[in-house]
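Numbering of the sequence shown is given in the UniProt record's numbering, commencing with residue 1 and proceeding in unit increments. Virtual Cβ for every residue (Gly too), placed ideally from N, Cα, C.
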Amino acid sequence: MKLVLQKLGYVVLMLCIISLISFGAIHLAPNSFFASGELNPNITPEALEQLKHVYGLDQSLPAQFFAWFKAMLQLDFGISFASGKAVRDEILERLPITLLMNVVSLIFVFILALYWGIKSAMKQSSLYDKSIKQFALISYAMPSFYLSLLLVIVFSVQWKFFPISGLHSQGINGNSMIYILDMAWHLVLPIFVMVFGGLGSLILYVRSLTLNILKSDYIFFAKSRGIEGRALLTHFILPNLSPPIVTILGLSLPGLIGGSVILESIFAINGMGLLFYQSALSRDYPVIMGILIISSFLTLFGNMIADLILTKLNPHFKRRG
1 MKLVLQKLGY
11 VVLMLCIISL
21 ISFGAIHLAP
31 NSFFASGELN
41 PNITPEALEQ
51 LKHVYGLDQS
61 LPAQFFAWFK
71 AMLQLDFGIS
81 FASGKAVRDE
91 ILERLPITLL
101 MNVVSLIFVF
111 ILALYWGIKS
121 AMKQSSLYDK
131 SIKQFALISY
141 AMPSFYLSLL
151 LVIVFSVQWK
161 FFPISGLHSQ
171 GINGNSMIYI
181 LDMAWHLVLP
191 IFVMVFGGLG
201 SLILYVRSLT
211 LNILKSDYIF
221 FAKSRGIEGR
231 ALLTHFILPN
241 LSPPIVTILG
251 LSLPGLIGGS
261 VILESIFAIN
271 GMGLLFYQSA
281 LSRDYPVIMG
291 ILIISSFLTL
301 FGNMIADLIL
311 TKLNPHFKRR
321 G
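This is the structure in structure tokens:
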């Protein structure tokens, strides 16, 4: 319990520091959301000052920060400059589809990477191992935008097998099974691109870790006792492979809501990545800060959960902590 409280205190402290630095960096950046209005001769200076007063931008930076931080503690990130909606509503509107895509792709990536990476290491220098390494290198080097456009041209334009873009076909509404299946059919290509792009580095990482484990003394003695195959994998390889995999899973939490600007633009999916990109272009400070704080919290929270799990898996890690 003491360790949990220490970790929570660290998360709160780091979140305060990150919010202060992010707030200062964003507001000190050149130009602002009202820059275009200042150049518009049809907008009077009085109207601009009234808008800045409404959004609290006529106050000093410290006053703006403390007002925003107090509201942020209540999960109120303010009002979007661009849409006039509450930032919380903007994020909640875009979050489900991004979360769905990233969770599904993350599950596939880790399952496939673990399976292929471990099997490749256990069959080192074989044809299977060489094939997996080539596949991993192609996956690592393939630009996601190129693969996305290629898949759209082949499977959507030429063969007309998958939809070109969007989440739903025209005329399909509601929450029926047809509606869900139609959305799943629209998400096949973008999720495939996400899985393919995430496999390469993780396969090579898992393979490298497994090779190091297979070279260890305890594996040598286990094999000398006749332990092979599934028993060797279950009792020796996976337990020693789990700490770094848990760490990577913890660090993957922020990516669940990050989205991808390129994929969401190509497939016309209104997710978090596109929202952040559009907000950055328009200097929509409340939306940018809302997404940054949520991502920072998930990063810190993921590290905390990974550390707590590692203390259960490895007593030595607990003593070092």
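Can we count residue i as close to the ligand NAD, meaning its CB is less than 6 Å from some heavy atom?
| i | result |
| --- | --- |
| L249 | In the structure shown, the ligand NAD is absent, as is every other ligand, since no ligand is present at all. |
In its own chain, which residues sit with a C-beta less than 6 Å from the C-beta of residue i, not counting the 5 before and 5 after it?
| i | result |
| --- | --- |
| L117 | Reading the sequence as shown, one finds Gly at residue 117 and not Leu. Within the same chain, G117 has close Cβ partners I203, V206 and R207. |
| F65 | F23 |
| Y140 | G200 and S201 |
| S295 | P254 |
| S260 | G273 |
| L57 | none |
| residue 323 | The question about residue 323 has no answer here: the residues shown for the chain are numbered 1 through 321. |
Under 7 Å between the Cβ atoms of residue i and residue j?
| i | j | result |
| --- | --- | --- |
| I26 | Y285 | yes |
| L300 | M14 | yes |
| N175 | I213 | no |
| V193 | S144 | yes |
| S169 | D182 | yes |
| F81 | R88 | no |
| P163 | L263 | no |
| F108 | V246 | no |
| G97 | G271 | Here the sequence assigns Ile to residue 97, which means Gly is not the residue at that position. Result yes, Cβ atoms of I97 and G271 sit closer than 7 Å. |
| V11 | M304 | yes |
| I266 | S148 | yes |
| L275 | R94 | yes |
| S120 | I132 | yes |
What are the start and end residues of the alpha helix (DSSP H) that includes residue i?
| i | result |
| --- | --- |
| T210 | V188 to L214 |
| T234 | T234 -> no alpha helix (DSSP H), and no H or E assigned at all. |
| D129 | L127 to A141 |
| G273 | M272 to L281 |
| S144 | S144 to L151 |
| D217 | D217 to S224 |
| Q50 | P45 to V54 |
| V261 | V261 to I266 |
| Q64 | L61 to M72 |
Which partner residues of residue i appear in the DSSP bridge assignment?
| i | result |
| --- | --- |
| I18 | DSSP, once it has assigned bridges, lists no residue as partnering I18. |
| I79 | A86 |
Near residue i, what residues of its chain come up, given a Cβ to Cβ distance below 8 Å and the 5 sequence neighbours on each side ignored?
| i | result |
| --- | --- |
| G321 | Low local confidence applies: a pLDDT of 42 at G321 is under 50, so the model's placement there is unreliable, and no value is given. |
| F161 | F155 |
| V103 | L256 |
| F236 | I213, Y218, I219, A222 and I227 |
| L99 | L256 and I257 |
| residue 347 | Outside the shown range of the chain (1 to 321) lies residue 347, about which nothing can therefore be said. |
| Y128 | K119 and S120 |
Can you list, in chain order, the residues of its chain with a C-beta nearer than 7 Å to that of residue i? Leave out the 5 residues immediately preceding and following it.
| i | result |
| --- | --- |
| G250 | G302, N303, I305 and A306 |
| L112 | L199 |
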